[in-house]
Structures are given as structure tokens and as C-alpha cells.
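**Q**
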Amino acid sequence: IGIQSFNSQHLTSLGRIHNGDEAKRAIEIAAKNFDNFNLDLMFALPSQTLDESILDLETALSFSPNHLSLYHLTLEPNTYFAKFPPVIPDDDLSAEMQEQIQVRMASAGYRHYEVSAFAKPGHESRHNLNYWNFGDYLGVGAGAHSKLSFPHRIVRQVRHKQPKAFMDSALKGDAIQDSDEITKDELAFEFMLNALRLNQGFDASLFFDRTGLLLNSIESKLLMAEKKGLLYRDHLRVAPSDL
Numbered sequence: 090i091g092i093q094s095f096n097s098q099h100l101t102s103l104g105r106i107h108n109g110d111e112a113k114r115a116i117e118i119a120a121k122n123f124d125n126f127n128l129d130l131m132f133a134l135p136s137q138t139l140d141e142s143i144l145d146l147e148t149a150l151s152f153s154p155n156h157l158s159l160y161h162l163t164l165e166p167n168t169y170f171a172k173f174p175p176v177i178p179d180d181d182l183s184a185e186m187q188e189q190i191q192v193r194m195a196s197a198g199y200r201h202y203e204v205s206a207f208a209k210p211g212h213e214s215r216h217n218l219n220y221w222n223f224g225d226y227l228g229v230g231a232g233a234h235s236k237l238s239f240p241h242r243i244v245r246q247v248r249h250k251q252p253k254a255f256m257d258s259a260l261k262g263d264a265i266q267d268s269d270e271i272t273k274d275e276l277a278f279e280f281m282l283n284a285l286r287l288n289q290g291f292d293a294s295l296f297f298d299r300t301g302l303l304l305n306s307i308e309s310k311l312l313m314a315e316k317k318g319l320l321y322r323d324h325l326r327v328a329p330s331d332l
């Protein structure tokens, strides 16, 4: 939530139970007890002004987190906001908020290393970098997701979401609700969907290492993206442009 501008009135109207003061108290506890912590902050909130978005950011920066994730509010299907859409900043105002955020974060010494993530030098999220580099991970617990690579296939798994169903199934030796193999046609898209979140892109060799496919197998799509100014590449690296 916005630490300052997403105020108690907004929260009460949405049936929430937390407010900005409680968020700040939680951050103070984290800062007192941990040397390294991340803050997630949203902008382009309902009725939010440019000044309010910057005030939220300044409040977050006052706690000196090593890592900040800054997300534009998205109205997702099957949510309260989808059913009762609030008045949100238009595209021009949202873009101005993002531009101001990027300028302020750079001046504060944070590197914008991923589309929604900023970090002080050496504090990039290694956990998330594994996701974005299409690495493997094992999910443990109710609703957990996994991505696992085998010599000739890559699978995604989901554990049972409801805790009781998960525990009952786990006791029977199989807690997996869904397991799907990523098809060859999907691999390139899945890889790019993750790797191009990184502002520095990825080493060209990583594409083959993670997918088993040659990069020239998607040459026509890479050329199209380059012609549109969306992509930069050389023989070593592929990266998104600043557009």
C-alpha cells in the first residue's frame, strides 16, 4: 500500500484493516531488527496525485531499505477493483509518476536493475534473479509453485492450494495438484517473458543453457523487436531498450 497517500479513508472504503501508520510501524520494526530488507510500494493508486506518489516514495526512502520494489497498480480480474473500478490516474499521469520515481531513485543511489525493482549496489534480489534468469525452483507448502528442468523436459508444478487438501495429499505421498510440461513452442516465450524483465537483459548463451534451443531459432522475432526499437543485442547480450 502507499505509505502516506493511501489513507485511512481509502482503506476503510475497501474493507481493509491496515493503514499508513501501521505500515510505517512495521517498517520501523523491520529496520530495527534486520540489516537487509525490501519494501514493496505501489503507485498510480486511486485518486493519487503526482505529489502524493513522490511523498510515498520519500517516506519509503527515509527508512533506507537496501531494496525497493515499485509497482504500478494493476486492476486484476476477479478482484474487488475489477467489480467496482476506482478512479485511477490516467496513462499520462502514471507515466509521469514512473519517470519521477526513476529519477529520484537514481539520485538516491539505487540501481534500476529490473522493470519494477531498485537496489543499492550489491543488494539485488538473488532469489528473484533466479526466476528472471529462468532458473529452477522447488516450491514447498500449500499453493507453492515449482519449475524443474530435466535432461529432455521442463515442468511447472503447483501444490494443492487449500492447506487441508495439501496436507492430506502430502501424507499420501503426492501433494502436487497440477504438473505441466512446457512445450518446445512455449519455451522461447517463457524464457523471454522472464529474462527481458532485467534491464541489462541476458547473456546470449543463457538462452541455450536454459531452453536447449538455439537463439537463431527465434531470429525473425528478434529482428522484428529490433526494428521496432524494443530490443538491443550483440553477439554477447540481448537486452530491452529504454522505450
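Note that the sequence shown covers residues 90 to 332 in the numbering used here. By construction, the Cβ of each residue, glycine as well, lies at the ideal position given by its N, Cα and C atoms. All values derive from a computational prediction rather than experimental measurement.
What are the start and end residues of each continuous alpha helix (DSSP H) run of 4 or more residues lying completely inside the stretch 201-239, in chain order?
**A** Correct list: 215-221.
**Q** Just checking, does the stretch 266-284 make contact with the stretch 298-313 on the three C-beta pairs under 8 Å criterion?
**A** Judged by Cβ distances under 8 Å, the stretch 266-284 makes contact with the stretch 298-313, as three or more pairs qualify.
**Q** Since Ile243 sits in a beta bridge, which residues does DSSP pair it with?
**A** Beta-bridge pairing links Ile243 to Ser238.
**Q** Out of Ser306, Pro178 and Glu185, which has the shortest C-alpha to C-alpha gap to Leu164?
**A** Nearest option by C-alpha distance: Pro178.
**Q** Whole angstroms are fine: how far does the CA of Arg322 sit from the CA of Glu315?
**A** Whole-angstrom Cα-Cα distance: 8 Å.
**Q** Could you check the C-alpha separation between Asp331 and Asp129 for me, to the nearest Å?
**A** Approximately 23 Å between the Cα atoms of the pair.
**Q** Taking the alpha-carbon of Arg286 as reference, which of Pro154, Pro252 and Leu218 has the nearest alpha-carbon?
**A** Taking only the C-alpha atoms, the option nearest Arg286 is Leu218.
**Q** DSSP three-state call for Phe95: helix, strand or coil?
**A** At Phe95, the pLDDT of 40 sits below 50, so the modelled position is not reliable and the matter cannot be decided from this model.
**Q** Bridge partners for Ile265 per DSSP, in chain order?
**A** Per DSSP, Arg248.
**Q** Can you tell me which of the three DSSP states Phe132 falls into?
**A** In this structure, Phe132 counts as strand in the three-state DSSP scheme.
**Q** By the 10 Å Cβ neighbour count, where 16 or more other Cβ atoms means buried, how is Leu159 classified, buried or exposed?
**A** With 16 or more Cβ atoms within 10 Å of its Cβ, Leu159 is classed as buried.
**Q** Looking only at its chain, what residues have a beta carbon closer than 6 Å to the beta carbon of Ser342, apart from the 5 residues adjacent to it on each side?
**A** The requested residue 342 is not part of the displayed model; the chain covers only 90 to 332.
**Q** What first and last residue would you give for the beta strand (DSSP E) that runs through Val327?
**A** Unbroken beta strand (DSSP E) run through Val327: Arg326 to Pro329.
**Q** Tell me the DSSP bridge mates of Tyr333?
**A** Because the chain spans 90 through 332 in this model, residue 333 falls outside it and cannot be assessed.
**Q** Using the Cα positions of Tyr202 and Ser142, report the straight-line distance between them to the nearest angstrom.
**A** About 21 Å.
**Q** Taking all protein chains shown into account, do 16 or more other C-beta atoms lie within 10 angstroms of the C-beta of His156, making it buried, or fewer, making it exposed?
**A** With 16 or more Cβ atoms within 10 Å of its Cβ, His156 is classed as buried.
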